[in-house]
Amino acid sequence: MAEKEYAYYAGCSLEGTAVEYDMSMRQVFKALGVKIREPEDWSCCGSTPAHTVDHLFAAALAARNLTIIEKMGTDTVTVPCPSCLSAFKRAHLSMTADESFKNEVNELLDEPYGGGVIPKSTLQIMIEDVGLDAVASKVTHALPGLVVAPYYGCILTRPPEIAQFDDPENPMSMDKILQAVGVKVADYAFKMECCGAAFGVPKKDMVNRLTYRVLSMALDAGANCIAVACPLCQQNLDLRQSQVNSTMGASFNIPILYFSQIVGLTYGLSPKELGMDKLVVSADEVVRSRIAVEELEKKEAETRAEAVAKAAEKEKKAKAKEDNTKTEET
Amino acid sequence: MRVGVFICHCGSNIAGTIDVAQAAAELRKVPGVAFATNYMYTCSEPGQDEIKQAIQREKLDRIVVAACSPRMHELTFRRTIEKAGLNRYFLEMANIREHISWVGLDKEANTNKAIDAIKMAVAKVMQNKPLYSSSFKVNKRVLVIGGGVAGMQAALDCGDGGLEVVLVEKSPSVGGMMARLDKTFPTIDCSICILGPKMVDVAQHDKIKLYAYSEIEDIKGYVGNYQVRIRRKATYVDWTKCTGCGLCMEKCPSKNSYDYFNFGVAPTKAINIPFPQAIPKKAKIDPDFCRQFTKGKCGVCAKICPTGAINYEMQDEIVTEDVGAIVVASGYGLIDMDKFPEYGAGRYPDVISGIQYERLLNASGPTEGHIVRPSDHTEPKTIVFVSCAGSRDKSLGIPYCSNFCCMYIAKQAILTKDHIPDSQSYVFYMDIRSPGKGYDEFTRRAQEDYGAKYVRGRVSRIYPKGKKMVVVGADTLLGTQVEVEADLVVLATAVTAAPGAAQLAEKLHISYDTFGFYVESHPKLRPVETNTSGVYLAGAAQGPKDIPASVGQGSAAAAKVLALFSKDMLESDPAVAKVNENTCVGCLKCKLTCPFGAIQEKELRGGRVVANVIETVCAGCGVCTSTCPCGAIQLSHFTDNQLLAEVNAICQK
Amino acid sequence: MDTLNLTKSMDLNFIEQVSRESGQNPSLCYQCGNCTAGCPYTHYFDYPVSQIMRLLQAGQRNIILTSKAIWLCATCETCTTRCPCEIDVAMIMDTLRIIARRENKVSEKDIKLFYDSFLDSMKEHGRLFEMGTLLAYNLKSGHYFADADLGPKVLEKGKIHFFPKNIKGKDQVAKIFTRFQEKAKKHG
Chain H
0 MAEKEYAYYA GCSLEGTAVE YDMSMRQVFK ALGVKIREPE DWSCCGSTPA
50 HTVDHLFAAA LAARNLTIIE KMGTDTVTVP CPSCLSAFKR AHLSMTADES
100 FKNEVNELLD EPYGGGVIPK STLQIMIEDV GLDAVASKVT HALPGLVVAP
150 YYGCILTRPP EIAQFDDPEN PMSMDKILQA VGVKVADYAF KMECCGAAFG
200 VPKKDMVNRL TYRVLSMALD AGANCIAVAC PLCQQNLDLR QSQVNSTMGA
250 SFNIPILYFS QIVGLTYGLS PKELGMDKLV VSADEVVRSR IAVEELEKKE
300 AETRAEAVAK AAEKEKKAKA KEDNTKTEET
Chain S
0 MRVGVFICHC GSNIAGTIDV AQAAAELRKV PGVAFATNYM YTCSEPGQDE
50 IKQAIQREKL DRIVVAACSP RMHELTFRRT IEKAGLNRYF LEMANIREHI
100 SWVGLDKEAN TNKAIDAIKM AVAKVMQNKP LYSSSFKVNK RVLVIGGGVA
150 GMQAALDCGD GGLEVVLVEK SPSVGGMMAR LDKTFPTIDC SICILGPKMV
200 DVAQHDKIKL YAYSEIEDIK GYVGNYQVRI RRKATYVDWT KCTGCGLCME
250 KCPSKNSYDY FNFGVAPTKA INIPFPQAIP KKAKIDPDFC RQFTKGKCGV
300 CAKICPTGAI NYEMQDEIVT EDVGAIVVAS GYGLIDMDKF PEYGAGRYPD
350 VISGIQYERL LNASGPTEGH IVRPSDHTEP KTIVFVSCAG SRDKSLGIPY
400 CSNFCCMYIA KQAILTKDHI PDSQSYVFYM DIRSPGKGYD EFTRRAQEDY
450 GAKYVRGRVS RIYPKGKKMV VVGADTLLGT QVEVEADLVV LATAVTAAPG
500 AAQLAEKLHI SYDTFGFYVE SHPKLRPVET NTSGVYLAGA AQGPKDIPAS
550 VGQGSAAAAK VLALFSKDML ESDPAVAKVN ENTCVGCLKC KLTCPFGAIQ
600 EKELRGGRVV ANVIETVCAG CGVCTSTCPC GAIQLSHFTD NQLLAEVNAI
650 CQK
Chain F
0 MDTLNLTKSM DLNFIEQVSR ESGQNPSLCY QCGNCTAGCP YTHYFDYPVS
50 QIMRLLQAGQ RNIILTSKAI WLCATCETCT TRCPCEIDVA MIMDTLRIIA
100 RRENKVSEKD IKLFYDSFLD SMKEHGRLFE MGTLLAYNLK SGHYFADADL
150 GPKVLEKGKI HFFPKNIKGK DQVAKIFTRF QEKAKKHG
């Protein structure tokens, strides 16, 4: 697995408002020995706006990058952003299924796309190619007290014909990865409810209302942190959390971390390199709570021993009291 | 040889796109054809008379009728020519309707094709040989597979008609799905109260032999003479000693056995009598959950049983029964709850299926008729019923409607109000299907008199919120999304084929459709017969249906059996395979390929082995004929020479 | 709603056009409402999505193309994933949006403006220049202070750049735009 080189398409958000996703994902891949390489001179995939113009046009914008990746000599591109991933998958699937569509798309490009690149999310690479055992093997630290609600967002696993990954109604890949690194995961029923997507700028109130529900259901599930795998979800939940509070009259203060940041923390990586300080809702407490696994085990053993000692003491005292009462009676 | 050709107009069905007069004229030119004519409706009485008169008048000895498919009227015309004194196998039909006039509109092309087709039939009929049926005895005993209401009805009607009946039921008690119901629509009759007497009758009928907790192992033979091997599964309790006292069930320490009768809505003991009115009322051990079997340590039931009926060493037993006809009434299944992840079915305990809810409503059920939430055993006040969970859903591979869910949901909504007067029921539906007698009035009652709120729209999602389950659906009549915070959610899960239906069908050599339901001979006119003679269908095994329809089919199947047995001898079909022992090399490839097991080895004098066809088992499929490397086995009425004659006829251009 | 004269107002060509461009068959829909039931945005739609489907079946071209619903759809794919008739409802909504844009019928100007600002940035630089896009949107929409509260937050974290990063192949990207526009003009 360490031999294969994946193309890594960060996407426009990861260069800007989602830079911590890029930083932490690269760190985690490095720790796991996953070889990645950025496609040279990649362009924007088109995301949501392109597919509102035309499907051919949208496929072409995405396919320009697939051509570059094809030339890199790799057959897989791993994509952290679900929106980019969806654009790539749709372009790839429709071009490989329909020869005439493929030709029409290639007419818009300088260089044609052959059809040999499979797009996969970074989550998919971690759970399928790397595997839970390898993911768990690098853990050196624990995050006690952290209860995470894994939030997948709507298009990571939907529709099943395009996403071809995990379950469209109850995905568990992020849950499993977080559990593998020793983090407590809440049973979160709202893991796939839409956050408002690209409407953050033009329709802020709509987004606030939707993210309000995502946030409050996470609290209801007993979580004190939400893990995400999508830059847009993260933005709507983190950057706009103050807006949610003012629009909906709430007082949320829930850190929204990328799942790769959480994994990175358990690997003992530097919080700065994981972009922890880039988060708008502070995750300082999460970072502070981090403790080396051996230390945690030592502490827990000590607590256990203390408890046993206390219980024995209590029993002794109670027995002594009983004896006294008996003597008194006699 | 004088061949008579009769070309039918079939009104305008054929004559509309084929020039029948021209076809007749062309056929008169064919050597061997002594007479050719066209007629409006050949199958009608005057039409048949035409044929009979022409045979006498023109001294015809072979007949070709060019008309509809032989599946429609081959038998009719065979009888016609037989009445006129000819052997019935001197008839050939050319299908110029389904194969020609119904396919295209080009009159010239159709007429030419029709002429070719009729010439083929003429060439064949000139090669036909007379064939004669032989008679064979029929064993007037009937096997009924399935002890639900349809099977029991069939068994009782056959028994009352004087026939000996063998009734085989897979589960430990008869009663099927109906025994699990609390009340039945539209009369709110108590289900077991009306079914119980039938169950007792079946057990006590002097003509009915009941094998409970048994399955069909295999079936050999042919109509009138089947040998059926039945596997009597080990119950680990000697039913000749068991009195049904229930002490074992009381004392059994293994409390988490899956309760098949209650569809798992609550656990049961490893040794149990499935329900109080079970027939036979005997105990059975489930070895998957019994500690004696899984851990080797227990034996409480054996110690406590007053008659010493427990036998951990019991083995399955195979018995053989000979019968002449079979009625298949193996019932239906229900779709798995895990097919509804968006409803949280299988994950959250307060989302249950209709049949599980039925068991909660039932006074002899695991909660003694108290409706409680499986999660915390509190009484629900808001209950949501979701129709069409799986039915009419192409994406789940179930495009059909399950027939009775609309009705039972209305019933359950009514009963819920009776049990919990301050409850509020909601029913999410797409359509209300209530076609039977009193059915629509019944569904209206639920809404008008019992306060059930019917919301027209599907449910998209169900998720937990605190102690409640939030049901998110749509009200398409209002044009809005709706939410209901429910205490309990009941899904009307789709009806499927019974588990093991396909395997049973293969043993019986009957057809089943994509969904596993058994295929009837004709969807309109022959709903209880199959294309395999001697095997009849009854009940939901043929397709989802309610109790009155199942009972009706049970009686119908019995009537068919009684008609079959009204004669002492049955006629065999002579269009079967025959082996030419001179040319047969004894390779026995035909024996391997015969799907019906109709070919056996035969040793001739001198030790040479050849193939031999058991005529009564042979179904005339012809697979052996195409397998045989030397043409030694031929299918009568479809011999190589006869078929080659047809080919030659078209190639003469 | 006024009495709908179906004989006169049912635009069969429109139904055929939408079917062809989306690859979906609207007559498969039996109006169960599952799409509306699962739609997170239905609260904001003027017509819930199952009614858009019904309007499509009834060939009501103008009502659909001037509706807000088609612009407020986020393509979250919930409807598509759950439709029992296996209709890709999100694809139909997308197609309706594309047709509306082609005919310049835009009921949600801000949303289209946001998309256009995004695309302009792409065409100009090859990648999304977030700052430029947001400023352009704010100016053109007249919502000068939209998300002004968030500005300082992203700036202090260094999450947004003041200057665009032009890729070498930005002309290639721009060419995709122009080639597409030419093609669209040719085909009408």
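Chains as they are written, first to last, in numbering that gives the first Met the number 0: chain H, 0 to 329; chain S, 0 to 652; chain F, 0 to 187.
Glycine residues also receive a C-beta, built at the ideal position from the N, C-alpha and C atoms.
Item to check | Whole runs of the alpha helix (DSSP H) within the segment 484-519 of chain S, excluding any shorter than 4 residues | outcome: Those alpha helix (DSSP H) runs which fall completely within the segment 484-519 of chain S and span 4+ residues are 500-507.
Checklist entry - Roughly how many angstroms separate the alpha carbons of S:Arg61 and S:Val29, rounded to a whole number? => result 14 Å
Item to check | 8 Å Cβ cutoff met for F:Ile159 and H:Gly274 | outcome: no
Checklist entry - For H:Glu69, does the count of other Cβ atoms within 10 angstroms reach 16, so buried, or fall short, so exposed? => result buried
Checklist entry - If H:Arg63 sits next to F:Ile175, beta carbons under 8 Å apart, how far is it from one beta carbon to the other, in whole angstroms? => result 7 Å
Item to check | Per-residue contacts from H:Lys29 into chain F (C-beta, under 7 Å) | outcome: Residues of chain F passing the Cβ test: none, with the nearest at roughly 22 Å.
Next on the checklist: So H:Met94 and H:Phe87 are supposed to be a Cβ contact under 8 Å. How far apart are they, rounded?
Outcome noted: The C-beta separation of H:Met94 from H:Phe87 comes to about 11 Å, leaving the pair out of contact by the 8 Å criterion.
Item to check | S:Ile413 beta carbon less than 8 Å from that of S:Val489 | outcome: no
Checklist entry - In three-state terms, what does DSSP make of H:Pro48? => result The answer is helix: DSSP assigns H:Pro48 an H, G or I state.
Item to check | Spatial distance of S:Gly31 from S:Met0 (CA atoms) | outcome: 6 Å
Checklist entry - If we count the other Cβ atoms within 10 Å of its Cβ and call it buried at 16 or more, is S:Ala113 buried or exposed? => result Burial check for S:Ala113: the Cβ neighbour count within 10 Å reaches 16 or more, so the residue is buried.
Checklist entry - Touching or not, the segment 78-95 of chain F and the segment 124-138 of chain F, by the rule of three or more beta carbon pairs under 8 Å? => result no
Next on the checklist: Which runs of the alpha helix (DSSP H) at least 4 residues long sit entirely within the segment 591-648 of chain S? Give them in chain order.
Outcome noted: 622-626
Checklist entry - What does DSSP give as the partner residues of S:Leu333 in its beta bridges? => result As DSSP reads the structure, S:Leu333 sits in a beta bridge with S:Val494.
Next on the checklist: Give me the subset of the segment 70-103 of chain F whose CB atoms are less than 8 Å from a CB atom of chain A, sorted by chain position.
Outcome noted: The question asks about chain A, but that chain is absent: this structure's protein chains are H, S and F.
Checklist entry - For H:Leu142, which of helix, strand or coil comes out of DSSP? => result coil
Item to check | Beta-carbon separation (whole angstroms), S:Val222 vs S:Gly619, contact threshold 8 Å | outcome: Not confirmed; about 14 Å, so no contact.
Checklist entry - From S:Ala24, S:Glu25 and S:Asn37, pick the residue whose C-alpha is nearest to that of S:Ile692; which is it? => result In the structure as shown, chain S starts at 0 and stops at 652, and residue 692 of chain S therefore has no counterpart that could be examined.
Checklist entry - Any idea what DSSP makes of H:Ala319, helix, strand or coil? => result helix
Checklist entry - Under the DSSP definition of a beta bridge, which residues are partnered with S:Gly465? => result Bridge partners of S:Gly465: none, in fact.
Checklist entry - Are the C-beta atoms of S:Glu580 and some chain F residue less than 8 Å apart? => result no
Item to check | Neighbour list for F:Thr41 in chain S, Cβ cutoff strictly below 9 Å | outcome: Ala473, Thr479 and Gln480
Checklist entry - Per the contact definition of three or more C-beta pairs closer than 8 Å, is the segment 62-77 of chain F in contact with the segment 16-36 of chain H? => result no
Item to check | Nearest-angstrom Cα separation, counted from F:Tyr43 out to H:Met0 | outcome: Bear in mind that a pLDDT of 44 at H:Met0, under 50, signals an unreliable position, so the number given afterwards is only what the model happens to contain. Using only the alpha carbons, I get a separation of about 47 Å.
Next on the checklist: In this structure, how does DSSP classify H:Met0 when only helix, strand and coil are distinguished?
Outcome noted: Note that H:Met0 has pLDDT 44, beneath the 50 cutoff, so the model's placement of it is unreliable and the number below is only indicative. Of the three classes helix, strand and coil, the one that applies to H:Met0 here is coil, per DSSP.
Next on the checklist: Under 8 Å, Cβ to Cβ, is there at least one residue of chain H near S:Lys467?
Outcome noted: no
Next on the checklist: Strictly under 8 Å for the Cβ-Cβ distance: is S:Arg432 near chain F by that measure?
Outcome noted: Under the Cβ distance rule, S:Arg432 does not count among the residues neighbouring chain F, no pair being separated by less than 8 Å.
Checklist entry - Any contact of the segment 547-563 of chain S with the segment 178-189 of chain S, i.e. 3+ C-beta pairs under 8 Å? => result The segment 547-563 of chain S vs the segment 178-189 of chain S: no contact.
Checklist entry - Under 8 Å, do S:Thr527 and S:Ala562 count as touching if we go by C-beta distance? => result The amino acid at residue 527 of chain S is misidentified as Thr; the sequence shows Val. Cβ atoms of S:Val527 and S:Ala562: not closer than 8 Å.
Checklist entry - Which full runs of the alpha helix (DSSP H) of 4+ residues lie inside the segment 139-171 of chain F, going along the chain? => result With a minimum length of 4 residues, the continuous alpha helix (DSSP H) runs that stay inside the segment 139-171 of chain F are 150-155.
Item to check | Beta-ladder partner(s) of S:Val318, from DSSP | outcome: S:Ile229
Item to check | Interfacial residues, the segment 166-179 of chain F to chain H, with Cβ spacing under 7 Å | outcome: So the close ones are Ile166, Lys167, Gly168, Gln171, Val172, Lys174, Ile175, Arg178 and Phe179.
Next on the checklist: Looking at chain S, is there any beta carbon in it that lies within less than 8 Å of the beta carbon of H:Glu168?
Outcome noted: yes
Next on the checklist: Output needed for S:Ser68: all residues of its chain with C-beta closer than 6 Å, excluding positions within five of it in sequence on either side, in chain order.
Outcome noted: Listed in chain order, the non-local C-beta contacts of S:Ser68 below 6 Å within the same chain comprise Asn94 and Glu97, local neighbours out to five positions each way being set aside.
Item to check | Uninterrupted beta strand (DSSP E) stretches inside the segment 211-256 of chain S (no shorter than 3 residues) | outcome: 213-221 and 224-231
Next on the checklist: Taking only three categories from DSSP, how would you classify S:Asn271?
Outcome noted: strand
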